[in-house]
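Chains A and B supply the protein sequences, listed in that same order. Numbers 1 to 155, taken from the working numbering, label the letters of the first sequence in order. Numbers 156 to 555, taken from the working numbering, label the letters of the second sequence in order. By construction, the Cβ of each residue, glycine as well, lies at the ideal position given by its N, Cα and C atoms.
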Amino acid sequence: MSAHEPLSDHDVFALFPNVMIDRDNIAHYRALAAGHLAINRCGDCGYWVYPHRPMCPECLSWNVTPTEVSGQGRVFMFTLIHQLRDPHSNIMEPVVVAAIELVEQAGLRYLSRIVNCPLEEITLDMPVSLTWIPEGAPRSPAFEPASAQGLEARG
Amino acid sequence: MARNPLKDRLAVIGVGSTPYGRDLRRSELSLGLEAAVHAIEDAGIDRQEIDGICGSGMTPLAMGGAGFLSLQGALGIERTTWVKNGWLGSAFVYAAEAVFSGLCDTVLVVQTYLRDINMSRSAASDPFRLRAAQFSDVGGDVGMGDFARRWLHSGEPYAGWIRRYMKDYATDKKAFALMAVNNRSHGARNPDAVMKTPITLDDYDNSRMIWDPMQMLDMDVPVDCGEAVIITTAERARDLDVKPVYIHAMSLGGSRVGEFYENTLGWTENAFWIALGGLWDRSDLKIGDLDIFFPYDGYSVDAVAVTEAAGFCKPGEAGDCFTDSWDRKNQILRLNGRTLVTTHGGGLAMGRAGGANFYAEAVRQLRGNEGHRQVPGAKTALIGIGSFFHDPAAVMLRVD
Numbered sequence: 001m002s003a004h005e006p007l008s009d010h011d012v013f014a015l016f017p018n019v020m021i022d023r024d025n026i027a028h029y030r031a032l033a034a035g036h037l038a039i040n041r042c043g044d045c046g047y048w049v050y051p052h053r054p055m056c057p058e059c060l061s062w063n064v065t066p067t068e069v070s071g072q073g074r075v076f077m078f079t080l081i082h083q084l085r086d087p088h089s090n091i092m093e094p095v096v097v098a099a100i101e102l103v104e105q106a107g108l109r110y111l112s113r114i115v116n117c118p119l120e121e122i123t124l125d126m127p128v129s130l131t132w133i134p135e136g137a138p139r140s141p142a143f144e145p146a147s148a149q150g151l152e153a154r155g
Numbered sequence: 156m157a158r159n160p161l162k163d164r165l166a167v168i169g170v171g172s173t174p175y176g177r178d179l180r181r182s183e184l185s186l187g188l189e190a191a192v193h194a195i196e197d198a199g200i201d202r203q204e205i206d207g208i209c210g211s212g213m214t215p216l217a218m219g220g221a222g223f224l225s226l227q228g229a230l231g232i233e234r235t236t237w238v239k240n241g242w243l244g245s246a247f248v249y250a251a252e253a254v255f256s257g258l259c260d261t262v263l264v265v266q267t268y269l270r271d272i273n274m275s276r277s278a279a280s281d282p283f284r285l286r287a288a289q290f291s292d293v294g295g296d297v298g299m300g301d302f303a304r305r306w307l308h309s310g311e312p313y314a315g316w317i318r319r320y321m322k323d324y325a326t327d328k329k330a331f332a333l334m335a336v337n338n339r340s341h342g343a344r345n346p347d348a349v350m351k352t353p354i355t356l357d358d359y360d361n362s363r364m365i366w367d368p369m370q371m372l373d374m375d376v377p378v379d380c381g382e383a384v385i386i387t388t389a390e391r392a393r394d395l396d397v398k399p400v401y402i403h404a405m406s407l408g409g410s411r412v413g414e415f416y417e418n419t420l421g422w423t424e425n426a427f428w429i430a431l432g433g434l435w436d437r438s439d440l441k442i443g444d445l446d447i448f449f450p451y452d453g454y455s456v457d458a459v460a461v462t463e464a465a466g467f468c469k470p471g472e473a474g475d476c477f478t479d480s481w482d483r484k485n486q487i488l489r490l491n492g493r494t495l496v497t498t499h500g501g502g503l504a505m506g507r508a509g510g511a512n513f514y515a516e517a518v519r520q521l522r523g524n525e526g527h528r529q530v531p532g533a534k535t536a537l538i539g540i541g542s543f544f545h546d547p548a549a550v551m552l553r554v555d
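So this is what it looks like as structure tokens:
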């Protein structure tokens with residue numbers, strides 16, 4: 001299989017064994033496996049449709065296509081998880097869970113981690129950029145302060 | 156005004172509750188049956204008069220707990236013409252509408268709760284709770300396995316909302332803290348509450364951080380409990396010995412937010428605003444007529460949202476409103492100088508029952524027999540229960 005050939009459905013299911021994959025969202029996971037964050041977008045009116053639904057709620061078109069997003073956004077809301085749902089799991093430091101509002105559309109948000117940022121410096125509406133962390137199969141999306149990426153680029 | 160053909164034509168005739176406790180060593184069905192039998196005795200009816208049952212559960216055919224199939228069999232009720240499972244505030248509304256539609260005449264609503272294994276370490280070491288969880292039908296686990304779907308039916312976005320609320324309205328945690336203190340003050344007067352001591356603002360501030368900025372005292376207390384209510388027609392209710400508590404108006408509420416809660420709409424667009432708006436569109440009673448107000452407190456932020464959605468203050472102003480409404484002597488709220496709030500202590504003090512104990516308390520207070528806890532002359536109660544995202548219900552109860 002060439003590196004550019006899309007993964008088969010079977011491969012996507014195998015890569016994400018614990019995710020409820022269905023026909024409406026498999027393209028999103030296929031893209032994730034290839035290192036792309038793709039969200040369904042309406043080909044008729046341009047509306048971004050998330051979560052992964054087969055029909056546009058704005059114009060009722062079925063012409064929705066997974067489309068890569070820019071990865072730029074802002075922190076809309078977040079919480080620091082001090083105690084996990086599993087009472088037996090001890091965590092050394094709080095887990096950040098953040099709803100990132102993507103620049104593509106007001107209210108279009110992707111739930112993710114925030115990395116490369118001390119917890120006390122995370123603020124609401126802070127600009128962030130997509131990055132990838134070595135977790136999951138094979139990597140998972142995360143967000144970091146937009147300034148951090150800028151500094152790296154300059155460096 | 157919206158149509159309200161059911162106005163005052165349905166009545167609650169029975170309420171039944173189990174004891175509340177952290178470890179009652181009972182099954183959900185056992186709790187449900189006890190609550191049901193108490194409610195039937197309270198109404199003073201033959202159980203064969205019940206021809207509709209709303210059991211406990213998030214899915215239509217929820218099994219393993221106190222769903223309608225198990226309840227009907229275990230109660231020996233011969234014939235039903237309407238059944239369903241439900242939870243939170245909406246279960247009561249579904250049952251009432253079934254009576255109004257004529258699909259049944261007398262409906263039993265049973266809601267049971269167990270202290271779940273994901274709520275405490277000791278619960279997670281109880282083999283009965285572990286086995287019950289293994290076979291439970293909660294319907295909420297489809298988000299597992301993908302971090303991005305973590306907020307599918309999750310409580311964490313409520314923690315996120317506390318911070319967002321404080322920033323957008325340039326306020327602090329005062330509203331959440333005073334609601335928690337109010338509920339614990341009332342709980343301390345309620346012999347059935349599991350949390351029997353009042354708290355101070357310092358206790359609130361110092362409580363353990365769970366989902367920053369949400370703290371332990373912002374969260375309802377996991378318990379084992381069961382609650383039941385019986386609803387019938389106003390006409391039938393007037394033939395019984397109990398004082399009918401009339402359903403004056405009801406509303407559910409849904410928004411277009413969908414199932415990924417990070418896509419939450421604005422603070423004033425969440426489902427509570429829709430449900431409370433629907434209620435006021437159908438009610439002859441106004442906010443100034445309210446004797447008791449029951450804002451659901453699964454999390455304190457729910458109760459603040461329901462209070463603002465009901466119109467006691469403008470969005471974002473609950474902190475100032477609660478400060479102005481504060482009865483320092485009793486450490487409780489008196490909204491508009493008079494309306495008492497969550498007189499039994501709610502989930503934060505009495506224990507977690509998905510709001511079912513709010514209905515029970517409202518009915519008992521409106522009947523007027525609550526002894527030293529009785530709100531003098533209580534004639535009206537507004538109940539707002541549910542989630543920002545699903546199953547919100549607003550119900551106005553009244554007595555003659």
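Bridge partner(s) assigned by DSSP for residue i
i: residue 41 of chain A; result: A/48, A/65
i: residue 145 of chain A; result: A/128
i: residue 404 of chain B; result: B/551
i: residue 211 of chain B; result: B/241
i: residue 449 of chain B; result: B/538
i: residue 388 of chain B; result: B/165
i: residue 306 of chain B; result: For residue 306 of chain B, which the question treats as bridged, DSSP gives no partner whatsoever.
Reduced DSSP category for residue i - H, G, I as helix; E, B as strand; rest coil
i: residue 75 of chain A; result: strand
i: residue 266 of chain B; result: strand
i: residue 547 of chain B; result: coil
i: residue 370 of chain B; result: strand
i: residue 533 of chain B; result: coil
i: residue 519 of chain B; result: helix
i: residue 514 of chain B; result: helix
i: residue 167 of chain A; result: Outside the modelled stretch of chain A, which goes from 1 to 155, sits residue 167 of chain A, for which no answer is possible.
i: residue 172 of chain B; result: strand
i: residue 382 of chain B; result: strand
i: residue 205 of chain B; result: coil
i: residue 375 of chain B; result: coil
i: residue 164 of chain B; result: coil
i: residue 290 of chain B; result: coil
i: residue 314 of chain B; result: helix
Where residue i meets chain A, residues with beta-carbon distance less than 9 Å
i: residue 506 of chain B; result: In chain order: nothing, as chain A lies at least about 18 Å away.
i: residue 418 of chain B; result: 50, 51, 99, 107, 108, 109
Neighbourhood of residue i by C-beta, 7 Å cutoff - its chain only, sequence neighbours within 5 removed
i: residue 50 of chain A; result: 39, 40, 108
i: residue 230 of chain B; result: 188, 191, 202
i: residue 365 of chain B; result: 371, 374
i: residue 79 of chain A; result: 97
i: residue 288 of chain B; result: 271, 272
i: residue 125 of chain A; result: 74, 75
C-beta neighbour in chain B for residue i, strict 8 Å
i: residue 140 of chain A; result: yes
i: residue 61 of chain A; result: no
i: residue 65 of chain A; result: no
i: residue 99 of chain A; result: yes
i: residue 80 of chain A; result: yes
i: residue 46 of chain A; result: no
i: residue 166 of chain A; result: Absent from the structure is residue 166 of chain A, since the part of chain A shown begins at 1 and ends at 155.
Residues near residue i by beta carbon distance below 8 Å, same chain, minus five either side
i: residue 305 of chain B; result: 298, 311
i: residue 137 of chain A; result: 15, 16, 33
i: residue 29 of chain A; result: 12, 15, 16, 19, 21
i: residue 31 of chain A; result: 37, 38, 66, 68
i: residue 323 of chain B; result: 422, 471
Beta carbon proximity, residue i to chain A, threshold 8 Å
i: residue 312 of chain B; result: yes
i: residue 301 of chain B; result: yes
i: residue 491 of chain B; result: no
i: residue 415 of chain B; result: yes
i: residue 374 of chain B; result: no
i: residue 270 of chain B; result: no
i: residue 315 of chain B; result: yes
Beta-carbon contacts of residue i that lie in its chain and below 6 Å, excluding the five residues immediately before and after
i: residue 69 of chain A; result: 37, 39, 102, 104
i: residue 238 of chain B; result: 208, 223
i: residue 363 of chain B; result: 371
i: residue 427 of chain B; result: 460, 461, 464, 547
i: residue 161 of chain B; result: 255
i: residue 157 of chain B; result: 436, 437
Amino acids of chain B, ordered along the chain, whose beta-carbon sits closer than 7 Å to that of residue i
i: residue 110 of chain A; result: 303
i: residue 19 of chain A; result: 300, 301
i: residue 124 of chain A; result: 318, 319, 322
Within chain A, partners of residue i - CB distance below 7 Å
i: residue 367 of chain B; result: 79, 80, 82, 94
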